[in-house]
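Protein sequences appear in the order of chains C and P.
Per the numbering used here, the very first residue in the first sequence carries number 65; after that it's consecutive.
Per the numbering used here, the very first residue in the second sequence carries number 7; after that it's consecutive.
Backbone N, C-alpha and C fix where the C-beta goes; we use that ideal spot for every residue, glycine too.
Model, not experiment: these values are computed from the prediction.
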Amino acid sequence: MKSKLIIAIAAMGIAVLFSSCAKVPQAEIDAATAAVQEVKDAGADLYVPEAYAALVDSMKSANEKVEVAKAKWFPNYSKSKELLAVVSQMAIDTKAKSEARKVELKAEVEAMIVEVKALVEENKALVAKAPKGKEGRAALEAINSDIAVAETTVTEVEALLANGDLIGSNDKIKAAKEKATSIKAELEEAIAKKGGK
Amino acid sequence: MVLKTNKKAKWFLIVLFSIVTIAISISIIIVSQKELPTEDLRLAREALTIAKEAEANIYSEKIYNESVQLYDSAMEKWSLENDRFILVRDYSQIISFAKRSKKKAEEAREESIKKSVNLSNDVKAAFVNLAKKIELYNKLFKDLPLSKSVFDAHNISKKYLSESKIAHENGKLKEAEILFKKAEIYVNHANVAAAKMLRDYFNDHSKWKSLANDAIAASRGGNKVILVDKFARKLYVYQSGKVLRSYDAEFGPNWMAHKERAGDKATPEGNYRITKKKERGNTIYHKALLLDYPNAEDKMRFAAKKKQGLISRSAGIGNLIEIHGHGGQGFNWTSGCVGLRDNDIDDLFRLVGAGTRVTIVGSVEPLSVVSNGLDF
């Protein structure tokens, strides 16, 4: 009877030896993967690309760590779990950074829209004061059309902004601002020359 | 009997323990000698990160994606292998995938750097080329009575060019290329339409040249002859074959066309004479020299075109084509007349009388001269 008990214990010991001691931290992996996906869905790859790339790299590194642990005789996932927790936290931070950048970018675009609108109005007023002599009128027609293009761009940017395309709207409004600023300089120069005559 | 059984059990346990110990030792030796793919995967992952930093996912998309797939396959395979019994796991394929992934990532990075440099240079060269096209429009076409669609296309092209430059400055080369291509489509549309208009206009140059030569020849006897060059926007007074005076002139918005009917805002071409001098008070344009438009040739042309249905039945041929004042506005604003500055019409008024020949031509100089060697 005693010997049977000893044999059973030994058999159990062998079974334990050949089986895993710990389970893969699937819940943590799933949570971290979902967190990374959420960050991507929030547009972090566009708004904070460097932070997002670091997050993805950390997630991959964590997955590798899980497999390293899994490959051992006696898997120990405590380090993997720690890393996955770090990834989940990084995901939260990256999402927050992305949201902050979006808010910042939106404010920048909105401010530039206001600036461009003001420049358009200033330019319209300057056109009225600009010299209309030989060549002047034709040049003013071209300037007026440039002002009209800037106005159209503002409308396009407002639509892009409403659709949440902050990067597209930022690039467009920058171009419009540059154009409106150069028109203003051109008009001011023409008016100054006229005044100097 | 009991003692014998206990002894047997002891021996059994000792043998069993020895077997297990040997098995474990052998397994540990086997497992420890197996190369894990950890290092290769780390290197592949790092290579992918570096490749992405070089925007290989944009400029070397195919190779980069192959590298990503190899890395993902390696990870998937590793997970599957780890699910197998420890002694039968085989990591060789995983290592191979990881090594290939790293190599592809490096290739993708190199290709991306090359392509982005080339693209950046191409876009920069394209900016120069596009700027030349915009300059060509500004130098040669902007004063033509172009349609609104052509005018708008030119302005839209400038907008896209400016957006493309910003994208280029921000390192968004693909976006810069897309925007640049849009700009190119619009500038080409504007320039092709404008160039066609200009070439078509100069189809009549030999006729104009002959008219101008006749006018200059007619001045050789000492008579004053007025020669109006619509393209040059000039009015010349010739005497004895030489230019006596030259004034800036303005015309109607449809100045390129030959006047055919009332209200077409075109300035007629051909030989005319001053029929009446209108002093201040007799014209709203300071002073005016009334021409004999329509002359016999205009009337014949008008009748023929009306007959062919090219001019509506209700249309009139128009009249009151004058050389008058209020010019110097910098654009073509008259209803088909020739507008001069008030002091210029004053001068001309003193210089010429009723009956003076007025020859109006599209251009004295040929297209090759007026285009100033610009290639279009």
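{"Item": "Rounded straight-line distance, which links the Cα of K166/C to that of N234/C", "Value": "11 Å"}
{"Item": "Which of helix, strand or coil DSSP assigns to Y97/P", "Value": "coil"}
{"Item": "Contacts around V173/C, its chain only, beta-carbon distance under 8 Å, and the 5 residues preceding and following it disregarded", "Value": "V221, L225, L230, S233, N234, I237"}
{"Item": "Own chain partners of W84/P with C-beta closer than 8 Å, once the 5 adjacent residues on each side are dropped", "Value": "P43, L47, Y97, I100"}
{"Item": "C-alpha distance - A249/C paired with R347/P, whole-angstrom precision", "Value": "29 Å"}
{"Item": "Three-state secondary structure (DSSP) of V112/C", "Value": "coil"}
{"Item": "V130/C versus V120/C, A254/C, Y141/C, residue with shortest Cα-Cα distance", "Value": "Y141/C"}
{"Item": "Within-9 Å CB hit, I34/P to chain C", "Value": "yes"}
{"Item": "8 Å CB neighbourhood of E87/P in its chain, flanking five on each side removed", "Value": "R95, D96, Y97, I100"}
{"Item": "Beta-carbon neighbours of S85/P, restricted to chain C and to distances below 7 Å", "Value": "E131"}
{"Item": "CB-CB length for I351/P against H330/P, believed under 8 Å", "Value": "6 Å"}
{"Item": "P264/C, buried or exposed, once every other Cβ within 10 Å from all chains shown has been counted against 16", "Value": "This structure leaves residue 264/C out entirely; chain C is present only between 65 and 261."}
{"Item": "Residue environment, D105/C, which counts as buried when at least 16 other CB atoms sit within 10 Å", "Value": "exposed"}
{"Item": "Cutoff 6 Å; reference S84/C; Cβ partners in own chain excluding five residues on either side", "Value": "Low per-residue confidence applies at S84/C: pLDDT is 45, beneath 50, and the placement is therefore not dependable, though the value from the model is reported in the following sentence. Only P139 meet the Cβ criterion."}
{"Item": "Anticipated Cβ contact below 8 Å, G228/P with S246/P, distance rounded", "Value": "6 Å"}
{"Item": "Closest by C-alpha distance to N176/P, when choosing among S122/P, A131/P, D206/P", "Value": "S122/P"}
{"Item": "CB contact flag (E371/P, D270/P, <9 Å)", "Value": "no"}
{"Item": "Cutoff 9 Å: F337/P Cβ touching any chain C Cβ", "Value": "yes"}
{"Item": "Three-state secondary structure assigned by DSSP to R363/P", "Value": "strand"}
{"Item": "Neighbourhood of T289/P by C-beta distance below 7 Å, restricted to the same chain and skipping five residues each side", "Value": "H330"}
{"Item": "Selection of the region 212-230 of chain C by Cβ proximity to chain P, strictly under 9 Å", "Value": "A212, V213, A214, T216, T217"}
{"Item": "I36/P beta carbon less than 9 Å from that of L93/P", "Value": "yes"}
{"Item": "CA nearest to the CA of A159/P, picked from T219/C, V213/C, V218/C", "Value": "V213/C"}
{"Item": "Assigned exposure category for L380/P - 16 Cβ within 10 Å defines buried", "Value": "exposed"}
{"Item": "Under 9 Å between C-beta atoms of S126/P and L179/P", "Value": "yes"}
{"Item": "Proximal chain C residues relative to N71/P, where beta-carbon distance stays under 7 Å", "Value": "Near N71/P there are no residues of chain C at all, since even the closest Cβ is about 15 Å away, more than 7 Å."}
{"Item": "As assigned by DSSP and simplified to three states, the class of V375/P", "Value": "helix"}
{"Item": "Contact set between E169/P and chain C, taken where Cβ atoms lie within less than 9 Å", "Value": "T217, D235, K236, K238, A239, A240"}
{"Item": "Contact under 9 Å by Cβ, L297/P with V364/P", "Value": "yes"}
{"Item": "Exposure label - E328/P; buried when at least 16 CB within 10 Å", "Value": "buried"}
{"Item": "From F91/P, A111/P, A15/P, residue whose alpha carbon lies closest to that of A57/P", "Value": "A111/P"}
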